[in-house]
Amino acid sequence: MSRLLVGPFNRVEGDLEVALDIADGRVSSAQVNATMYRGFEQILQGKEPHDALVYVPRICGICSVSQSVASARALADLGGITMPPNGQHATNVILSNENLADHLTHFYLFFMPDFARPVYAGHAWHAEAVRRFSPDYGEQVRAATAARQRWLTIMGTLGGKWPHTQSIEPGGSTRAIDSAERVRLLAKVREFRSFLERQLFAAPLEAVASLPNEEALWNWHAQDPLAGDLRFFLTLVRDLSLQSLGQGPGRYLSYGAYAQPDGSWALPGGVWRADSARLDVLDAAAITEDATHAWLAEGGKGPLHPLSGITRPEPDKRGAYTWNKAPRLAGEVVETGAIARQLAGGQSLVRDAVAHHGGTVYTRVLARLIELARVVPMVEDWLQGIRPGEAFCVPSSLPEDGRGVGLGEAARGSLGHWIVVQRGRIANYQIVAPTSWNFSPRDAAGTPGALEQALVNASVLDGEKTPISVQHIVRSFDPCMVCTVH
Amino acid sequence: MNVLWLQSGGCGGCSMSLLCADTTDFQGHLRDGGIQLLWHPSLSLASGEEVIELLDALAAGNTLLDVLCVEGSLLRGPNGTGRFHMLAGTGLPMIDWVKRLAARAKHVMAVGSCAAWGGITAGGNNPTDACGLQFEDDQLGGLLGAAFRSGSGLPVINVAGCPTHPSWITDTLMALAANTFNAEDLDPLNRPRSYADQLVHHGCTRNEYYEFKASAEKPSDLGCMMEHMGCKGTQVHADCNIRLWNGEGSCTRGGYACIACTEPGFQEPGHPFHETPKLAGIPIGLPTDMPKAWFVALASLSKSATPKRVKNNAVADHLVVRPAVRKTRLK
Ligand code: SF4
Ligand code: SF4
Chain B
1 MSRLLVGPFN RVEGDLEVAL DIADGRVSSA QVNATMYRGF EQILQGKEPH DALVYVPRIC
61 GICSVSQSVA SARALADLGG ITMPPNGQHA TNVILSNENL ADHLTHFYLF FMPDFARPVY
121 AGHAWHAEAV RRFSPDYGEQ VRAATAARQR WLTIMGTLGG KWPHTQSIEP GGSTRAIDSA
181 ERVRLLAKVR EFRSFLERQL FAAPLEAVAS LPNEEALWNW HAQDPLAGDL RFFLTLVRDL
241 SLQSLGQGPG RYLSYGAYAQ PDGSWALPGG VWRADSARLD VLDAAAITED ATHAWLAEGG
301 KGPLHPLSGI TRPEPDKRGA YTWNKAPRLA GEVVETGAIA RQLAGGQSLV RDAVAHHGGT
361 VYTRVLARLI ELARVVPMVE DWLQGIRPGE AFCVPSSLPE DGRGVGLGEA ARGSLGHWIV
421 VQRGRIANYQ IVAPTSWNFS PRDAAGTPGA LEQALVNASV LDGEKTPISV QHIVRSFDPC
481 MVCTVH
Chain D
1 MNVLWLQSGG CGGCSMSLLC ADTTDFQGHL RDGGIQLLWH PSLSLASGEE VIELLDALAA
61 GNTLLDVLCV EGSLLRGPNG TGRFHMLAGT GLPMIDWVKR LAARAKHVMA VGSCAAWGGI
121 TAGGNNPTDA CGLQFEDDQL GGLLGAAFRS GSGLPVINVA GCPTHPSWIT DTLMALAANT
181 FNAEDLDPLN RPRSYADQLV HHGCTRNEYY EFKASAEKPS DLGCMMEHMG CKGTQVHADC
241 NIRLWNGEGS CTRGGYACIA CTEPGFQEPG HPFHETPKLA GIPIGLPTDM PKAWFVALAS
301 LSKSATPKRV KNNAVADHLV VRPAVRKTRL K
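First to last, the sequence lines map onto chains B and D.
Counting from 1, one number per residue, gives the positions in the first sequence under full-length UniProt numbering.
Counting from 1, one number per residue, gives the positions in the second sequence under full-length UniProt numbering.
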């Protein structure tokens, strides 16, 4: 048996190190280390509650709006504030603008370039992978970067700038839009739709989103295996068996995405169990964080619910190997992300694919691309739903004492903020980010987190110091390490 | 020009902002400007041991390093060990890597307010002992020390902002690649003058409201945000309202106050961000270059002269009174 320390990983957000035990050319056990700590939960102590809206977006530059939305929701919960329908629609457009940009960035800039590596030079598709996805010259990488830039101009109008917009308030959005602007925004959504339909899918979004099952997907693929980048990816899946690489824990968490004015969700949440194909209602009271293997104080009370959570560095703690705590749902390891949203939200192709293969490199990436196809038409609807001239934001006043919970979905999965306010100041603020779930260390019982489980059995080729299979598995989660440990 | 980009105690947002540069071909845009990214954490193919080999070659001087870009603040804690950020796979604190590489670089660039001053990471009680490359808030020093000069003789170039505007970065890199960037191009805080010689207030769409002190009272109102909503645009160095963000945005156009994110110490203003601190009803932070007595006199005069249109629109989120249409020809 040998040990391999892998890092720095790139094309993930933030810095990541993975320690692998290797036996017979396979990973037998993995430990995931988030190597950087900044301490946002400590920084927020004693602040004016509303100031959280300045600090929390800066937890993460790739999902800053998701952080704002979770925080605004926690403050709205604290103050009993309900935003008007226009505020809800504008918030959804802003949030989806970021989420979908993330999916695009992940696929084109972070995930696919690995297939342009020399290690794959012997495969029939390699030259095409280089032409499309080499990071510097790849045609699709460059086209996607341009499409992303154009798409994020929607954020310029609605959020002022990105990242770190402050237009999201507990009471709505600070940027009202008029009918002329709405027309322009709709044109920009159509421009993005057209990029996706020409380059990524080589098919209408609706046709992709309505593929009912795997059989239909592979039939569609067989029609023209290299047309569009999704079908190209499917070609690689077959050739490299990505459908069985990186098996996750089989339980999936989504808080529900895109709140609607009537209180429902555009993508309803819940806990999906692959073994029984069952969707359970989420019990948010069952969320805990276990700090046994984190360089953080435990307070001697075992795993804590975030409302009573503590974050205090203990850099010399024995047995610790990461700055990340281990979030658990009723004691269980869960996976979160687009795959969980699509499973909980009842998308039939993703449910079918996961039933056949589980949560793997293939199904995680597929779920993100299906989400792109599903959500763009929703963005068009939300913009249509805006009533120019009606209120976008109601003034909010916050109580001197109380608590609030803000749950939502970032591109990478379930994001929660918990705030406790005493005498007008933040007494406690705890954040549980999507990658905290996915890249969790072991808990007190020694149970590994989702990625730690998914890495077991990954193949390590002779002489590999940064195994390619490990890179595919890590990136299939689209991790964000700066969020993980905040 | 060889550029190495490292990230430490920040959020990666300055990189994400860079990717929004206004061009139809980002990768070509850099190349055409003479910029070669040796490695960037989000954009390069190299990972793991390939990166460590590159860093070793740069630190040893075997590969030329023209620009070292650092994004994120430098985490000196706990107790000066730098262990709050160990560069993955290397067993070494990031601050050690930065010191070694800065000693080899022709230019050193702080990307964003974290790397320039410490930024948001240094907020609160600064749990990680975060600082900037050559500043700690507005005090010279930081990780590299006040006396530090890179190979070119320049101090650290502070492309501050949280995040930085993409073209503040690309313009500066391109000027460096073209050898046209000199000490005179830096302002007193070592920010490039190309963006720091403007105030955020310049070009703000709320200027007419400002003239009449017609002020926003709640989020989403159209009025000027200086009097009540914490806007510091009249004092803050940056061209956000001239060189717009993401196509057509800026903080004030997005409906919220300028919080001075290009300035040292912005993370701890000493008052709630969205409220203007006042003394006897008068904002403490007066416009740069404006004597207080004049401000008070002008404000009371202009308030009494405020047109109804400006007054009413200031406290609504859309126009409730439109500019009058005159039936005669304009003179
Ligand atoms: S300056 Fe702001 S945007 Fe840039 S890394 Fe720091 S927190 Fe993120
Ligand atoms: S909102 Fe701020 S930047 Fe705009 S006019 Fe008023 S003071 Fe100036």
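Built from N, CA and C at the ideal position, the CB exists for glycine as well.
Quick check on this structure: which residue in the options has the alpha carbon closest to the alpha carbon of residue i?
i	options	result
residue 490(B)	C480(B), Q471(B), R117(B) and Q453(B)	Outside the modelled stretch of chain B, which goes from 1 to 486, sits residue 490(B), for which no answer is possible.
V310(D)	A324(D), A297(D) and L298(D)	A324(D)
W5(D)	R3(B), G14(B), R278(B) and I177(B)	G14(B)
T322(B)	T484(B), R368(B) and V376(B)	T484(B)
T19(B)	G25(B), P399(B), L4(B) and R73(B)	For the record, residue 19(B) in the displayed sequence is Ala; it is not Thr. Of the listed residues, the one whose Cα sits closest to A19(B) is L4(B).
G61(D)	G151(D), C14(D) and T121(D)	G151(D)
G309(B)	A326(B), R318(B) and D316(B)	A326(B)
L415(B)	A458(B), P57(B), T311(B) and I468(B)	P57(B)
K161(B)	L16(B), R117(B), N97(B) and F111(B)	N97(B)
A116(D)	Q198(D), F181(D) and L189(D)	L189(D)
D187(D)	A105(D), M174(D) and L154(D)	L154(D)
Check whether the Cβ of residue i lies closer than 7 Å to any heavy atom of ligand 2, and answer yes or no.
i	result
T174(B)	no
N207(D)	yes
C224(D)	yes
C480(B)	no
G233(D)	yes
With C-beta atoms as the reference, is residue i less than 8 Å away from residue j?
i	j	result
L45(D)	P135(B)	yes
V376(B)	D401(B)	no
Y120(B)	A129(B)	yes
S173(B)	L152(B)	no
R142(B)	G28(D)	yes
L205(B)	E197(B)	yes
G248(B)	G345(B)	no
A277(B)	L267(B)	no
L253(B)	V334(B)	yes
V67(D)	L143(D)	no
G13(D)	P163(D)	yes
V350(B)	T336(B)	no
S396(B)	I43(B)	no
L211(B)	G228(B)	no
P264(D)	D137(D)	yes
Is residue i close to ligand 3? I mean its beta-carbon at under 7 Å from any heavy atom of the ligand.
i	result
C14(D)	As for ligand 3, it is missing from this structure, which binds only ligand 1 and ligand 2.
Kindly list the residues whose CB is nearer than 6 Å to the CB of residue i, restricted to its own chain and excluding five residues on each side of it in sequence; keep chain order.
i	result
F195(B)	A147
P388(B)	D178 and S179
L75(D)	G9, F84, H85, T128 and A130
T466(B)	V6
S64(B)	P57, P163 and H164
Who are the near neighbours of residue i in its chain, counting only those whose CB is closer than 7 Å to its CB and skipping five residues on each side?
i	result
L140(D)	Q134 and A146
D275(B)	G250
A101(B)	R148, W151 and L152
G161(D)	G112, S113, W168, A238, C261 and T262
Could you tell me how far apart the beta carbons of residue i and residue j are, in whole angstroms, since I believe they sit closer than 8 Å?
i	j	result
F40(B)	I59(B)	5 Å
V6(B)	V470(B)	6 Å
N213(B)	S348(B)	6 Å
A411(B)	H103(B)	6 Å
G406(B)	H417(B)	4 Å
S215(D)	G203(D)	Between G203(D) and S215(D) the Cβ distance is about 19 Å, and since that is not below 8 Å, they are no contact.
V51(D)	P8(B)	6 Å
F107(B)	L369(B)	7 Å
P78(D)	P313(B)	7 Å
L244(D)	G156(B)	7 Å
Relative to ligand 1, is the shortest distance from any of its heavy atoms to the C-beta of residue i smaller than 7 Å?
i	result
S113(D)	yes
C20(D)	no
I120(D)	yes
G10(D)	yes
E71(D)	yes
R58(B)	yes
G79(B)	no
C162(D)	yes
G61(B)	yes
H106(B)	no
Tell me which residues of the stretch 190–220 of chain D have at least one Cβ-Cβ distance to chain A shorter than 8 Å, keeping chain order.
No chain A is part of this structure, whose protein chains are labelled B and D.
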